[in-house]
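Sequential numbering of the sequence shown, starting at 28, is according to our numbering.
What follows is one structure encoded as structure tokens, with my remarks underneath.
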Amino acid sequence: MDKIDALDIKILSILSGNARMPFKDVAAECGVSRAAIHQRVQHMIEDGVITGSSFDVNPKSLGYSTCTYVGITLDSGSRYRKVVEQLLHIPEVVECHFTTGPYTMLVKLYARDNGQLMDLLNGKLQSIEGVVTTETLISLEQSIKREVPMASGNVE
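Spelled out as structure tokens, the structure:
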């Protein structure tokens, strides 16, 4: 991945605040042409600096009222990839991380209610081969959600 410069940082800062902002408006704010913004963004996508663009959908608007983090302990860390393959078949699982510390994996999932959560835990997660234990942490409120700071540490 190439280093990014101060203009790239400014573009990222603007677009991370509003990914739907037209390039002409980003260009005006940065003092460059729309074509320059388009080229910069395309380059950052190709280099893996920008890894996606999506809408954030509020899970509660779809009926998912319970956000849960599940620490999963496997009988062997080498099972991680096979367990991930199984988790991909559970649409309520929205994130999965291979971790250090007390758990082999940390999974974020959404459930419509405690009954569905219990079914997900007992009927799906704990029945995956290699899963030894799970520990469930229910999120009561998400207080912060943001991108990493647009610092100049990786800037040319």
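Each residue gets a CB set at the ideal place from its N, CA and C atoms; glycine is no exception.
- C-alpha of Thr-93 to C-alpha of Tyr-107: approximately 25 Å in a straight line.
- Arg-67 counts as buried, since at least 16 other C-beta atoms from the protein chains shown sit within 10 angstroms of its C-beta.
- Contact annotation: Thr-95 and Thr-163 have beta-carbon atoms nearer than 8 Å.
- Straight through space, the alpha carbons of Ser-154 and Gly-104 are spaced by roughly 17 Å.
- As a beta-bridge residue in DSSP terms, Val-158 pairs with Leu-101.
- By the Cβ rule, the region 114-128 does not count as touching the region 66-85, because fewer than three pairs are nearer than 8 Å.
- Per DSSP, Met-132 is not a residue of any alpha helix (DSSP H); the beta strand (DSSP E) it occupies stretches across 132-138.
- When beta bridges are read from the DSSP output, Leu-89 appears opposite no residue.
- Going by C-alpha positions, Leu-114 is about 21 Å away from Gly-79.
- Contact between Leu-133 and Gly-157 does not hold, since their C-beta atoms are separated by about 16 Å, which reaches or exceeds 8 Å.
- Ranked by Cα distance from Asn-141, the first of Ser-170, His-124 and Gly-90 is Gly-90.
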